[in-house]
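Notes follow once the structure below has been shown.
There are 2 protein chains.
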Amino acid sequence: MSADVLAHIDATLDQRLQSLFQLIRIPSVSTDPAYAGDVARCAAWLAETLQAMGAEASVRPTTGHPMVVGHLPGPADAPHVLFYGHYDVQPADPLELWNSDPFEPILRKVGDETHIVARGASDDKGALMTFVEACRAYIEVKGSLPLRVSFLFEGEEESGSPSLAAFLESAKDELDCDLVLVCDTDMWGQDTPAITTSLRGLLGQEVSVTAGDRDLHSGMFGNAAANAVTVLTQALASMRSPEGGVAFAGFYDDVQMPPAERRAEWAALPFDAAAFLGGVGRAVPAGEAAYSVLEQIWARPSCEINGIWGGYTEPGFKTVIPAKAHAKVSFRLAAGQDPEKIRAAFQAHIRSQMPADCTVEFADHGLSPAWAAQADNPYLAPALAGLAAEWGSSTTCGTGGTIPIIGALNGILGVDALLVGFARFDNRIHSPNEKYDLSSFHKGMKAWVNVMDDLAKV
Amino acid sequence: MSADVLAHIDATLDQRLQSLFQLIRIPSVSTDPAYAGDVARCAAWLAETLQAMGAEASVRPTTGHPMVVGHLPGPADAPHVLFYGHYDVQPADPLELWNSDPFEPILRKVGDETHIVARGASDDKGALMTFVEACRAYIEVKGSLPLRVSFLFEGEEESGSPSLAAFLESAKDELDCDLVLVCDTDMWGQDTPAITTSLRGLLGQEVSVTAGDRDLHSGMFGNAAANAVTVLTQALASMRSPEGGVAFAGFYDDVQMPPAERRAEWAALPFDAAAFLGGVGRAVPAGEAAYSVLEQIWARPSCEINGIWGGYTEPGFKTVIPAKAHAKVSFRLAAGQDPEKIRAAFQAHIRSQMPADCTVEFADHGLSPAWAAQADNPYLAPALAGLAAEWGSSTTCGTGGTIPIIGALNGILGVDALLVGFARFDNRIHSPNEKYDLSSFHKGMKAWVNVMDDLAKV
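Chains S and C, in that order, give the protein sequences.
The UniProt record's numbering puts the first residue of the first sequence at 1, with every later residue one more than the last.
The UniProt record's numbering puts the first residue of the second sequence at 1, with every later residue one more than the last.
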């Protein structure tokens, strides 16, 4: 254990906080061209910060905002980790809902806690800097790191990462490593850092049903003429099983559930399903009854109708038989499911529900596979231990959302990833008054010191 | 037979047409307050026209536009008929789509046919005047009618007849009669006048499903949280049987099918279901397979989703779990069905489909029972014979639409009605370039002479 490094972090917390504040003050909003200069300045600041620690680091242009790549040496026989973070942020608006300048970080006392309040305080500048400052403190005390570390900082994550895949392909050899570390996810609860071991994928489809070539009067044609809205609702309803699952052929065929170890960990988590659903006005889990709510969200594929429209939708009434009906349908995919195969099965099922008079068309909206950490990843247990040494506990978890960059990092570089999260659930990321707990920052840095020591032994 | 009256009509056709033209030139648009003076002038013209024929006639104020009531004497032992028509018209706009002034009637030759082109030429001034001019011609030749005739002309039919029921209640004794005659429906085909013996009723319901108290992110809640759009589509789909019918309990319980005589007549009609559906881009009857297309439309109740909306419906994609979903649903009701009973059964069924987390609310949009002529109406066969004597053929038919005034006339006055139609299907009523065939007008008048003679013998 590196008790000396941990003590050094405690002693120099304010200096590390000032470093984070410098980064936050650069308004690196990637989606708005007006901030392109700030985004570039932010990349330069990071490269210089890495260089000041002794890293070989530089800003790398892309067709969009630049990447920052850096390398710090370590023992030749130790693992080589690549740390990924993003330095761009969401726009700050609506500005009038902020209680302070979004790009002038402040510390705010809230009860026993202290919040760092600013755009990017949590997502992802605060999280990114836990690792950077952990490395700097380590080097300041010991002269070098216990393992080889590379850095990859992206400036377009909040804009859909348009340049990432191409850059990874071009820099594949340089970024060759044993493990990817990412710090852009949540804790489990208030005091338990988490390693996210699965993400769901996404498949979006817009469905348009056409019945004949015009709207009709229900008095003249009601019963005899196919109604596009009726046909669409029938087709969508046919996809849902009475047990809460998805009812079309092949949907669950390739689903890989997490290993028993993960499911046991999740079952042991203090999770109150009633409170979770009650917080959003629901009470009864709507998914497959055979799975817990956490499994329904983290590990089971879902199908949601995100929107539907057709026929007369204005005030009053019009007794029309609509010729057109539309729905936006999305699937959250589980590990093992091939998005293209699910898309084909979905479209085949909907087509099979069309009566002779109706046609259906589909438009694509998103296609990302799920991601799951390797069940036998040798770095997982040491990393969990390193986190627990600082916080008292740690856990794995899943997330029901989709982070396409993880699939790219994993797939293109060919190495597994650990998604380590210190962010609390209530950090208001993407919203006004975004915050990061000072304890997340402070304990996060110290946890990384432990994790580096533990990973170095693998 | 009154060959002398028929010959007189042939000889004086132009004079009768000029009478219709006078009526058409008064732009009696009931829905637009700017025309209120014209509507009143139109009522006065009709009262004076009836008075000039020897009728006791007057304009009767209502809280809306006035009624016109008139009485012509006849033999004491002959039946007493009440003729209903409406003198108000739909607005003429869009004016730029008319090929002539909508309120300056013209005769237009189209192939072998001559069309009277104007707003109201068919609906309902032309149709109404076939009866008025038939009575005038009869009196001019014979001095009096073969049966007692009363007239009721309404000025608000195109605005939903808001004053009709109250007026009928107040004038119930004065309007006491043996039979109501209405001339506001279509012919069967090009050369066969029709007596419509059934109309469907209407029940409109707006359905709003609420799941919890806010929209949710499908990544964080997908599977576990109830989705209002999914629940609504499931509930609507559950109402439809695989055979094309309506699947909730009690829906068909009280349906009274038309008598075998009517169904045989309809089966014998030259009707090409493929051409009927093909004309609107459909090919396969969507209703109950056990019934013909005409029966599906005229005599079987239907359920149509007229509109549906919920969730994200703009361009692009949003992976939301909607908390709200809405549909407008309407039923065309068959004879025997009680609209309030069907509404209660529908609402009970939809409620039964709600999972624990969802609530549903309903809003009313229309509630009219169906109407069917009495199976043993003694005037039906003589009236059909009178029509056939002029046109060579005649038939009964149904209509899938809803005409609430018929229920009011029938229900409040307590006498059956015959709906006699000379209007061709392509008359463009309510649309630009509305027309009435000169043959509809000419033969219509002569047919009424026959019908009056035939009814007088009952």
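Idealized CB from N, CA, C, for every residue including glycine.
- Cβ contact annotation for THR319 of chain C (same chain, cutoff 7 Å, sequence separation greater than five): HIS217, SER218 and GLY219, in chain order.
- For VAL5 of chain S, the CB contacts under 6 Å within the same chain, skipping 5 residues up- and downstream, are ALA137, TYR138, VAL141 and VAL449 in chain order.
- Taking a Cβ-Cβ cut-off of 7 Å, the neighbours of TYR312 of chain S in chain C comprise ASN306, GLY307 and LYS328, given in sequence order.
- The beta carbon of PRO369 of chain C is closer than 8 Å to those of GLY201, LEU333, GLN337, ASP338, PRO339 and GLY407 in its chain, skipping five residues each way along the sequence.
- In this structure, HIS80 of chain C sits away from CYS183 of chain C, with a CB-CB distance that is not shorter than 7 Å.
- LEU419 of chain S is positioned such that its CB atom lies closer than 7 Å to that of THR196 of chain S.
- Cβ-Cβ separation between LYS125 of chain S and LEU23 of chain S: approximately 5 Å, consistent with a contact (criterion under 8 Å).
- Looking at the backbone, the Cα of ALA260 of chain C and that of ALA372 of chain C are separated by about 14 Å.
- Counting C-beta atoms within 10 angstroms of its own C-beta, ASN427 of chain C has 16 or more neighbours from the protein chains shown and is therefore classed as buried.
- MET67 of chain C carries a strand assignment under DSSP once its states are collapsed to helix, strand and coil.
- In the structure shown, CYS397 of chain C adopts extended strand secondary structure according to DSSP, grouped into three states.
- Against PRO285 of chain C, the close residues of chain S are ALA224, in the order they occur along the chain (beta-carbon pairs closer than 7 Å).
- Among the residues facing chain S, LEU203 of chain C is not included, as its CB has no counterpart in that chain under 7 Å away.
- For TRP309 of chain C against THR313 of chain S, the beta-carbon gap comes to about 4 Å, under 8 Å, which counts as contact.
- For the stretch 392-408 of chain S, the set of residues with a beta-carbon nearer than 9 Å to any beta-carbon of chain C comprises THR399, GLY400, GLY401 and THR402, in chain order.
- Nearest to PHE221 of chain C by alpha-carbon distance, out of S:GLY155, S:VAL280, S:PHE167 and S:GLN90, is S:VAL280.
- For the stretch 314-365 of chain S, the full-length alpha helix (DSSP H) segments reaching 4 residues or more read 339-352 along the chain.
- By the Cβ-count criterion, LYS457 of chain C is exposed, with fewer than 16 other Cβ atoms from all chains shown falling within 10 Å of its own Cβ.
- Neighbours of ASN227 of chain C in chain S, taken as residues at a C-beta separation under 9 Å, are given in chain order as ALA286, GLU304, ILE305 and ASN306.
- Relative to LEU409 of chain C, the option among C:SER241, C:SER161, C:ARG300 and C:GLY120 whose CA is nearest is C:SER161.
- Inter-segment contact for the stretch 38-52 of chain S and the stretch 66-77 of chain S is present: three or more beta-carbon pairs are separated by less than 8 Å.
- In chain order, TRP391, GLY392 and SER393 place their CB closer than 8 Å to the CB of ASP191 of chain S, counting only its own chain and leaving out the 5 sequence neighbours on each side.
- Within 7 Å of the CB of GLY281 of chain C, the CB atoms of chain S belong to GLY212, ASP213 and ARG214, in sequence order along the chain.
- Its chain contains GLY287, GLU288, TYR291 and ALA334 as the residues whose beta carbon lies nearer than 7 Å to that of ARG300 of chain S, once the 5 sequence neighbours on both sides are disregarded; these appear in chain order.
- About 6 Å separates the CB atoms of LEU203 of chain C and ARG343 of chain C; that is less than 8 Å, so the two are in contact.
- Judged by beta-carbon spacing, ILE429 of chain S lies beyond the 7 Å limit of SER159 of chain S, meaning their Cβ atoms are not closer than that value.
- Per DSSP, the unbroken beta strand (DSSP E) holding LYS109 of chain S starts and ends at 106-110.
- ARG200 and LEU202: these are the residues of the stretch 184-203 of chain S whose beta carbon lies less than 8 Å from some beta carbon of chain C, given in chain order.
- DSSP places GLU206 of chain C in no alpha helix (DSSP H) but in the uninterrupted beta strand (DSSP E) bounded by 201-211.
- DSSP, read as helix, strand or coil, puts PHE83 of chain C in strand.
- Annotated as proximal: PHE248 of chain S and HIS349 of chain S, with beta-carbon spacing under 7 Å.
- By the criterion of a C-beta distance shorter than 6 Å, GLU304 of chain C is surrounded in its chain by SER330, once the five residues flanking it on both sides are discounted.
- ALA118 of chain S has its alpha-carbon roughly 9 Å from the corresponding atom of PRO432 of chain S.
- GLU104 of chain S has its alpha-carbon roughly 19 Å from the corresponding atom of LEU13 of chain S.
- Membership of VAL149 of chain S in the beta strand (DSSP E) is indicated by the continuous run 148-154.
- Among the bridge pairs identified by DSSP, VAL255 of chain S is matched with none.
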